[in-house]
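Single-structure report; data block below.
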Amino acid sequence: MSFPIYLTKYSYLHILMKYSDNAITAKKDAIVMYIDMNSYFASCEQQRHPELRGKAVGVVTYDSPNASVIAASIEAKRMGVKTGMRLPDCKLLCPHIIPVTTHPGWYRQIHVEIMAILKSYCDDVIAKSIDEAVMNFTSYRLVYKDFTVVANQIKADIKKKYDYLTCSIGIAPNSFLAKLGTELQKPDGLIQITPENIDGYLATLKLTDLPGIASRNERRLLLTGVRTPLEMRHSSPALLRKVFGGIVGDYWHNRLNFKEVDLYNNTFNHTMSATRTLSRQQTANPQSIEAMLIALCTRLEQRMVKGEVFCKEVSFWIKYRDSTVWETKVKLANPVQDGLELRRYIKEKMQEFETSHNRVLFSNHVQNIGVGIQNFMSDKVLQYSLFDNRIQQDVVRKVMYNIKDKYGKNSVRKGCELIDPTIMKDAVGFGSVRDMTANDGVVRNKYMLEEEEF
Ligand SMILES: [Mg+2]
Numbered sequence: 345m346s347f348p349i350y351l352t353k354y355s356y357l358h359i360l361m362k363y364s365d366n367a368i369t370a371k372k373d374a375i376v377m378y379i380d381m382n383s384y385f386a387s388c389e390q391q392r393h394p395e396l397r398g399k400a401v402g403v404v405t406y407d408s409p410n411a412s413v414i415a416a417s418i419e420a421k422r423m424g425v426k427t428g429m430r431l432p433d434c435k436l437l438c439p440h441i442i443p444v445t446t447h448p449g450w451y452r453q454i455h456v457e458i459m460a461i462l463k464s465y466c467d468d469v470i471a472k473s474i475d476e477a478v479m480n481f482t483s484y485r486l487v488y489k490d491f492t493v494v495a496n497q498i499k500a501d502i503k504k505k506y507d508y509l510t511c512s513i514g515i516a517p518n519s520f521l522a523k524l525g526t527e528l529q530k531p532d533g534l535i536q537i538t539p540e541n542i543d544g545y546l547a548t549l550k551l552t553d554l555p556g557i558a559s560r561n562e563r564r565l566l567l568t569g570v571r572t573p574l575e576m577r578h579s580s581p582a583l584l585r586k587v588f589g590g591i592v593g594d595y596w597h598n599r600l601n602f603k604e605v606d607l608y609n610n611t612f613n614h615t616m617s618a619t620r621t622l623s624r625q626q627t628a629n630p631q632s633i634e635a636m637l638i639a640l641c642t643r644l645e646q647r648m649v650k651g652e653v654f655c656k657e658v659s660f661w662i663k664y665r666d667s668t669v670w671e672t673k674v675k676l677a678n679p680v681q682d683g684l685e686l687r688r689y690i691k692e693k694m695q696e697f698e699t700s701h702n703r704v705l706f707s708n709h710v711q712n713i714g715v716g717i718q719n720f721m722s723d724k725v726l727q728y729s730l731f732d733n734r735i736q737q738d739v740v741r742k743v744m745y746n747i748k749d750k751y752g753k754n755s756v757r758k759g760c761e762l763i764d765p766t767i768m769k770d771a772v773g774f775g776s777v778r779d780m781t782a783n784d785g786v787v788r789n790k791y792m793l794e795e796e797e798f
């Protein structure tokens with residue numbers, strides 16, 4: 345009987361060994377370096393077009409006087425221009441701002457070169473996004489004497505290739521604190537956070553200066569009496585569990601106390617789904633069912649953006665009032681995050697079935713519909729690896745949700761979320777305009793406004 349027990353123990357140990365780098369105990373002598381390119385898209389444009397250097401540049405996804413700036417140059421940021429602002433608002437702060445449309449292929453090419461530079465110093469490099477990477481130098485402690493020297497060498501190597509690009513580098517015992525180091529000095533920063541100096545740095549910060557703490561978490565912390573990052577670091581795990589609702593509180597305690605939480609995360613094997621029951625009145629109009637499908641897909645899109653993942657599988661089911669079910673599953677060649685794209689794959693499958701069986705699926709017998717997504721991948725891995733042309737779409741989507749987080753969910757809406765077609769033209773647009781309305785111009789999306797009821 346001892347054999348199976350041995351096996352169980354072995355697999356348990358095996359799992360522990362595999363994920364032991366996300367340490368349970370503090371590793372104060374671990375060395376993690378975080379590299380954040382400064383004003384990346386705008387600097388890439390200035391790199392390629394010397395006439396833009398030293399000037400306020402706003403990178404926009406399309407050429408229109410009302411476009412939103414998805415990245416501002418260092419010079420524009422100094423004048424108060426922020427990501428997500430529309431050009432007319434930017435011009436009030438910075439009259440000479442020069443709008444430049446994005447060139448994702450160019451940004452990606454530079455990203456690949458920068459990654460090659462980083463990999464020449466250390467094998468353990470993880471791209472966190474197109475302009476950020478984290479390097480685990482822990483096993484190189486004997487190889488390099490001084491990691492600030494290494495950081496300066498990396499900066500010099502990047503400069504040699506691209507003389508206009510700068511980066512902020514943070515060094516710390518875990519990836520969260522290393523990233524925080526990059527936030528403390530911009531542009532061209534270099535900050536090492538150690539057990540000795542951490543309290544000094546935290547004392548200068550507001551709660552919302554911590555990456556991952558936005559206004560909602562700030563409010564929760566303040567309600568519990570935690571007023572500053574320094575107080576947060578010295579709060580008990582139990583108190584932070586109360587603030588963040590469970591394990592997430594432990595993560596925050598760990599991040600601020602030198603334990604690794606974020607370096608290798610492995611939480612992408614679950615399923616997300618959204619379902620909705622329809623009234624008879626709703627099912628009488630096939631367009632209401634269409635609108636519901638868009639609403640469900642948008643809901644899942646929001647959750648993927650929040651979770652920083654894309655999915656590679658989508659399933660869809662329709663339950664009819666006689667308890668029969670129609671369902672389909674699509675394995676996606678390219679990972680998807682966009683709600684309208686999810687819908688497009690579902691509709692393709694439906695049309696295939698409807699044509700071959702001569703049957704209408706969105707009939708007045710529908711009782712409820714549901715969309716499920718599986719097989720997730722981190723957006724960090726994706727943004728730079730696959731899509732030349734989609735980087736800008738992905739960036740815009742992220743920016744939109746960041747604005748929603750900051751200013752409330754009604755501050756911006758996707759075109760397809762709007763009821764009024766005249767406003768629709770003006771909206772941040774991605775996906776196809778065809779998806780927003782039926783051929784007869786009827787808007788399919790009036791249920792978009794009910795998203796909080798899911
Ligand atoms: Mg950056």
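Each residue of the sequence shown is one higher than the last, beginning at 345 in the working numbering.
C-beta: ideal position from N, C-alpha, C; glycine also.
**Q.** Other residues of its chain near F731: CB distance less than 7 Å, five sequence neighbours each side excluded
**A.** Confidence at F731 is low in this model, with a pLDDT of 43, below 50, so its placement is unreliable and the value that follows should be read with caution. When the five nearest sequence neighbours on each side are left out, no beta carbon in the same chain lies closer than 7 Å to the beta carbon of F731.
Q: May I ask you to list the residues that DSSP assigns as paired with A415?
A: When DSSP reads this structure, A415 sits in a beta bridge with V403.
**Q.** In chain order, each beta strand (DSSP E) run of at least 3 residues that lies wholly inside the region 556-642
**A.** Annotation note: the region 556-642 contains the following uninterrupted beta strand (DSSP E) runs of length 3 or greater, listed N- to C-terminal: 616-621.
Q: Would you mind giving the Cβ-Cβ distance between H847 and L607, rounded to the nearest angstrom? I have them listed as a contact below 8 Å.
A: With the chain covering 345 to 798 only, the question about residue 847 has no answer from this structure.
Q. Going by beta carbon distance, what residues of the same chain come within less than 6 Å of R599, once the five residues before and after it are set aside?
A. If we look at R599 and ignore the five residues flanking it on each side, its Cβ neighbours are F520, V605.
Q) Can you tell me the Cα-Cα spacing of R620 and M694, whole angstroms? A) Rounded to the nearest angstrom, the two C-alpha atoms are 18 Å apart.
Q: Identify which residue in G683, Y595, G589 has its Cα closest to the Cα of S617.
A: Ranking G683, Y595, G589 by Cα distance to S617 puts G683 first.
Q.
For ligand 1, is there any heavy atom lying closer than 7 Å to the beta carbon of M381?
A. Checking every heavy atom of ligand 1 against the Cβ of M381, one is found closer than 7 Å.
**Q.** Heavy atom of ligand 1 within 7 Å of D738 beta-carbon
**A.** Because no heavy atom of ligand 1 lies under 7 Å away, the Cβ of D738 does not count as near it: no.
Q. So who's on the other strand from Q536, going by DSSP bridges?
A. Per DSSP, I515.
(Q) Helix, strand or coil, according to DSSP, for Y664 in the structure here? (A) Y664 falls in the strand class under three-state DSSP.
(Q) ligand 1 and D475: does any heavy atom of the ligand fall closer than 7 Å to the residue's C-beta? (A) True, at least one ligand heavy atom lies under 7 Å from that Cβ.
**Q.** 8 Å Cβ cutoff met for I498 and I513
**A.** Remark: C-beta atoms of I498 and I513 approach each other more closely than 8 Å.
Q: Taking F697 and P630 to be in contact with their CB atoms under 8 Å, please state how far apart those CB atoms are, rounded to whole angstroms.
A: For a cut-off of 8 Å, the C-beta gap from F697 to P630 is around 15 Å, too long to register as a contact.
Q: Measure the Cβ-Cβ separation of Y451 and C511 and say whether it is below 8 Å.
A: No; because the gap between Cβ atoms is not below 8 Å, this pair is not in contact.
**Q.** P432 - containing beta strand (DSSP E), residue span
**A.** Note, P432: premise wrong, no beta strand (DSSP E); alpha helix (DSSP H) at 431-437.
Q: Assess, as a yes-or-no matter, whether the region 452-459 is touched by the region 420-430 under the definition of 3 or more beta carbon pairs within less than 8 Å.
A: Short answer: they don't touch.
Q.
Distance check for V403 and L509, CA to CA, integer angstroms please.
A. For L509 and V403, the distance between alpha carbons rounds to 16 Å.
Q: Give the single residue among D380, Q718, D501, I591 whose Cα lies nearest to the Cα of F660.
A: Out of D380, Q718, D501, I591, Q718 has the C-alpha closest to the C-alpha of F660.
(Q) Less than 7 Å separating the Cβ of S384 from some heavy atom of ligand 1? (A) The question names Ser, yet the displayed sequence has Tyr at residue 384. Indeed, a heavy atom of ligand 1 lies less than 7 Å from the Cβ.
(Q) Assuming contact is defined by CB atoms lying nearer than 8 Å, are N708 and A628 in contact in what I supplied? (A) Yes, the pair counts as a contact, with Cβ atoms nearer than the cut-off.
Q: Tell me where the beta strand (DSSP E) around S473 begins and ends.
A: Counting along the chain, the unbroken beta strand (DSSP E) around S473 starts and ends at 469-473.
Q) Is the Cβ-Cβ distance between D490 and N480 less than 8 Å? A) Cβ distance not < 8 Å, so D490 and N480 don't count as in contact.
(Q) Give me the DSSP bridge partner(s) of V658. (A) Beta bridge pairing from DSSP links V658 with V674, I717.
**Q.** Close-in-space but distant-in-sequence residues of the same chain around Q529 (CB under 8 Å, 5 per side omitted)
**A.** Once the five neighbours on either side are set aside, the close Cβ partners of Q529 are S512, I535.
Q.
With DSSP as the reference, identify every bridge partner of V478, one or two as the case may be.
A. Answer is Y378, I470, bridged to V478.
Q.
Under 8 Å: do the region 408-418 and the region 546-557 share three or more Cβ pairs, one atom per stretch?
A. Flag = no, the region 408-418 and the region 546-557 do not touch.
Q. The alpha helix (DSSP H) spanning P448 covers which residue range?
A. Counting along the chain, the unbroken alpha helix (DSSP H) around P448 starts and ends at 448-463.
Q.
On the CB-based measure, 16 or more other CB atoms within 10 Å of its CB, does N685 come out buried or exposed?
A. Note that residue 685 is Glu in the sequence shown here, rather than Asn. The Cβ neighbour count for E685, taken over all protein chains shown within 10 Å, is at least 16; the residue is labelled buried.
**Q.** I690: first and last residue of the uninterrupted alpha helix (DSSP H) it sits in
**A.** If you look at I690, you'll find it in the alpha helix (DSSP H) that goes 683-701.
Q: Note down, in chain order, each residue of its chain lying with its Cβ closer than 7 Å to the Cβ of E562, except the 5 sequence neighbours on either side.
A: Only L551, T552 meet the Cβ criterion.
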